[in-house]
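Peer 1: Just so we're aligned, residue 84 is where the sequence shown starts under my numbering, counting upward by one.
Virtual Cβ for every residue (Gly too), placed ideally from N, Cα, C.
Quick one: the structure is below, and I'll ask about it shortly.
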Amino acid sequence: MKKILITGALGQIGSELTARLREVYGSQNVIATDIRQPEFSNTGTGIFEILDVTNQQDMEMLVEEYQLDTLIHLAALLSAVAEAKPQLAWDVNMNGLMNAVEVARVHGLQFFCPSSIGAFGPQTPKDHTPQVTIQRPTTMYGITKISGELLSDYYFHKFGVDTRSVRFPGLISYDTLPGGGTTDYAVDIFYEALHKKTYASFIAAGTKMDMMYMPDAIDAIIQLLEADASRLHHRNAYNISAMSVAPEDIARAIQKYLPEFELTYAVDPVRQSIAESWPNSLDVSCAVNEWGFSPKYDLDRMTKDMLKKLNKKLETSVAL
Ligand SMILES: NC(=O)c1ccc[n+]([C@@H]2O[C@H](COP(=O)([O-])OP(=O)(O)OC[C@H]3O[C@@H](n4cnc5c(N)ncnc54)[C@H](O)[C@@H]3O)[C@@H](O)[C@H]2O)c1
């Protein structure tokens, strides 16, 4: 039985992951933390504590107080926010990570901190991007993500900390809004499709990026944390993805259910240039072979579920 501390638990991933982990391991065994107070309880019922990850002592106190054995470190600034505030992004993403992995070392915790497709760069092969390849990211977010992969590997080899990670693609979800990433358009498009039947994409036509539906992302985290350690050869971090899509692909999938939906473009040069530095599609074979990664949602299945769930959440009552 795991006893888990989650940092950044109120974010897009953390809110759904916390609720799910509480179902799997029991409410009392999952301690949710974030730098801010929850506005409403979307993490399920259970313990919540304020924690700024730049404060190692506070993190350590929580691990001792609740006798924890696993640390899921999600607190970070995402790609677009990190580009606007690079110094703060370094502080939260790097110093926060160093604190977290140190706490894991001192207390013998299993450790998970997600990397991202942002850990790749313009020199990375774009299609079928291999697990091990050139990584020269050009964004502050990417620099912190590749450094996180290396630091996690270092702590595994040097100190034997059980570090595990995935390179998440853009994550699409209906529960909590994304926190300022380059793939956020792929969530916005569903909200606007239901509200206005039209959406102006800040990412240009033809820009393919990897994506995944949140239920598959949550399953992947739990599956990797439970995986047989002896089979993990690429611990930090596994390529994972469920689809490679451009804005017009998502629009076409939405139009199957909402034929009147229209996609236009209002391209944001900052996020477009970040997107162009990332791969088009990842090779996920190492995750499949080493711990059985197997996403359930393709673009069509995800689109149907997103529209159904959001229609209910937004009370838009669109006939689908
Ligand atoms: N969502 C995605 O599409 C995606 C894709 C790839 C990787 N990731 C990675 O997954 C992790 C979680 O991402 P997310 O989408 O849930 O992010 P998010 O922006 O939605 O949530 C991050 C949370 O961290 C909190 N936070 C910020 N500064 C903090 C601090 N100093 N101390 C404690 N908490 C702090 C925020 O309040 C927020 O609730 C990040 O490492 C991110 O890089 C996410």
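Closest to Val353 by C-alpha separation, out of Ile118, Glu147, Leu154 and Ala163, would be which residue?
Peer 2: With distances taken between Cα atoms, Val353 lies closest to Ala163.
Peer 1: For ligand 3, is there any heavy atom lying closer than 7 Å to the beta carbon of Asp117?
Peer 2: Ligand 3 is not among the ligands present in this structure, which contains only ligand 1.
Peer 1: Using beta-carbon positions only, say whether Ile114 and Leu157 come within less than 8 Å of one another.
Peer 2: For Ile114 and Leu157, no; Cβs fall outside 8 Å.
Peer 1: For Ala165, which residues from the same chain have a beta carbon less than 6 Å from its beta carbon, with the 5 sequence-adjacent residues on both sides left out?
Peer 2: So the qualifying residues of the chain are Ala172, Met223 and Tyr224.
Peer 1: If you run the structure through DSSP and keep just helix, strand and coil, what is Ala283?
Peer 2: DSSP places Ala283 in strand when its eight states are reduced to three.
Peer 1: Please check the pair Tyr108 and Ile87, which I expect to be a contact at CB under 8 Å, by giving their CB distance rounded to whole angstroms.
Peer 2: Tyr108 to Ile87, Cβ: 7 Å. Contact.
Peer 1: Between the Cα of Tyr257 and the Cα atoms of Met84, Ser98, Val371 and Thr128, which residue gives the shortest distance?
Peer 2: Of the listed residues, the one whose Cα sits closest to Tyr257 is Ser98.
Peer 1: Closest to Thr216 by C-alpha separation, out of Arg335, Asp366, Asp271 and Ser198, would be which residue?
Peer 2: Comparing Cα positions, the closest option is Asp366.
Peer 1: Regarding Gln139 and ligand 1, is the C-beta to nearest heavy atom distance less than 7 Å?
Peer 2: Checking the Cβ of Gln139 against ligand 1 gives no.
Peer 1: Below 7 Å CB to CB, which residues in the same chain sit around Asp383 once its five sequence neighbours on both sides are set aside?
Peer 2: Answer for Asp383: Ala336, listed in chain order.
Peer 1: Considering Cα atoms alone, identify which of Asn178, Ser110, Ala320 and Leu390 is closest to Met142.
Peer 2: Here the closest residue by C-alpha is Asn178.
Peer 1: Starting from Thr227, trace the alpha helix (DSSP H) both ways and give me its first and last residue.
Peer 2: Segment Met223 to Phe242, the alpha helix (DSSP H) holding Thr227.
Peer 1: So the candidates are Glu106, Phe251 and Lys379; which of them puts its Cα closest to the Cα of Phe203?
Peer 2: Ranking the options by Cα distance to Phe203, first place goes to Phe251.
Peer 1: Would you mind working out which of Val401, Ile133, Lys379 and Ser356 sits nearest Ile118, comparing C-alpha positions?
Peer 2: Comparing Cα-Cα distances from Ile118 to each of Val401, Ile133, Lys379 and Ser356, the minimum goes to Ile133.
Peer 1: From Asn319 to Ser110, what distance separates their C-alpha atoms?
Peer 2: Going from the Cα of Asn319 to the Cα of Ser110 covers about 28 Å.
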